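Notes to accompany the following structure.
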Amino acid sequence: MDQSAREVLLYGDDRMAVTNTNDSASTTTAVVTIRVPCGADGDLVTDAEERLSRGEDVNAVTIDELHSIDPKLSATIITVKITLHWTATMTDEEISDRLAEVSGLESIQWAK
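The numbering used here applies: residue 7 is where the sequence shown begins, and numbers increase by one.
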């Protein structure tokens, strides 16, 4: 019987299932600085979301706040507050490893 990670069967069959939809362990909030190349296809926010969503196990990325924009010769560097939704629950070290793979990511600070 296939079960999602959030589902717990109480009786060993499908009579009653309890689902936890408040899984905060699979959501991360951070402030990141990311480089977006000049001439990119979309706007800065869309390009930043696309770049961040390329990390392994990233389910969705939401940019919550734009903190700064710093145009340079070949790229624009933006600092944004983001919410990352993961496909699995991970430790802080695993999250850092996944984000280290993102092209153009310059810094990350965990939001409180």
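Idealized CB from N, CA, C, for every residue including glycine. Just so it is clear, the structure is predicted and the values come from calculations on it, not from any experiment.
From the DSSP output, in three-state form, read off L50 for me. For the purposes of this step, residue 50 is identified with residue 44 of the sequence shown, where counting begins at 1. When DSSP states are grouped into helix, strand and coil, L50 belongs to the helix group.
Put E56 into one of helix, strand or coil per three-state DSSP. Taking the sequence shown and counting its residues from 1, one reaches residue 56 at position 50. Here E56 sits in helix by DSSP.
Tell whether a beta-carbon distance below 8 Å holds between H73 and V64. For the purposes of this step, residue 73 is identified with residue 67 of the sequence shown, where counting begins at 1. For the purposes of this step, residue 64 is identified with residue 58 of the sequence shown, where counting begins at 1. Taking 8 Å as the Cβ cut-off, H73 and V64 do not qualify as a contacting pair.
Outcome for I75 when other beta-carbon atoms lying within 10 angstroms are tallied against a minimum of 16: Residue mapping note: residue 75 aligns to position 69 of the sequence shown, counting from 1. The residue is exposed, with fewer than 16 neighbouring Cβ atoms inside 10 Å.
Where does D98 fall in DSSP's three states? As a working note, residue 98 is residue 92 in the sequence shown. Looking at D98 - three-state DSSP - the assignment turns out to be helix.
With DSSP as the reference, please indicate the residues paired to L86 in a beta bridge. On the sequence shown, position 80 is the one that residue 86 refers to. Note that residue 86 corresponds to Val in the displayed sequence, not to Leu. Paired residue(s): V38, L72.
For N28, which residues of its own chain have a beta-carbon under 6 Å away from its beta-carbon, when the five flanking residues on both sides are left out? Here residue 28 refers to the residue found at position 22 when the sequence shown is read from its first residue. Because the pLDDT of N28 is 46, which lies under 50, any placement of that residue in the model is unreliable, and the question is left without a value.
Below 8 Å on the Cβ atoms is my guess for T34 versus L111; work out the distance and round it to an integer in Å. Position 28 of the sequence shown holds residue 34. Position 105 of the sequence shown holds residue 111. No, T34 and L111 are not in contact; Cβ-Cβ is about 13 Å, not under 8 Å.
Secondary structure at A106, three-state DSSP: helix, strand or coil? For the purposes of this step, residue 106 is identified with residue 100 of the sequence shown, where counting begins at 1. DSSP places A106 in helix when its eight states are reduced to three.
Could you name the residues of the same chain whose beta carbon sits closer than 7 Å to that of I69, not counting the 5 residues immediately before and after it, in chain order? Position 63 of the sequence shown holds residue 69. Residues V51, A54, E55, V86, I88 of the same chain have their beta carbon placed closer than 7 Å to that of I69, with the five preceding and five following residues left out of the count.
Give the range of the beta strand (DSSP E) segment to which L111 is assigned. Taking the first residue of the sequence shown as position 1, residue 111 is located at position 105. It spans 111-116 - the beta strand (DSSP E) in which L111 sits, taken as one unbroken run.
Beta-carbon separation of V38 and I101 under 8 Å? Here residue 38 refers to the residue found at position 32 of the sequence shown. Here residue 101 refers to the residue found at position 95 of the sequence shown. With respect to the 8 Å criterion, V38 and I101 are not classified as neighbours on the basis of their beta carbons.
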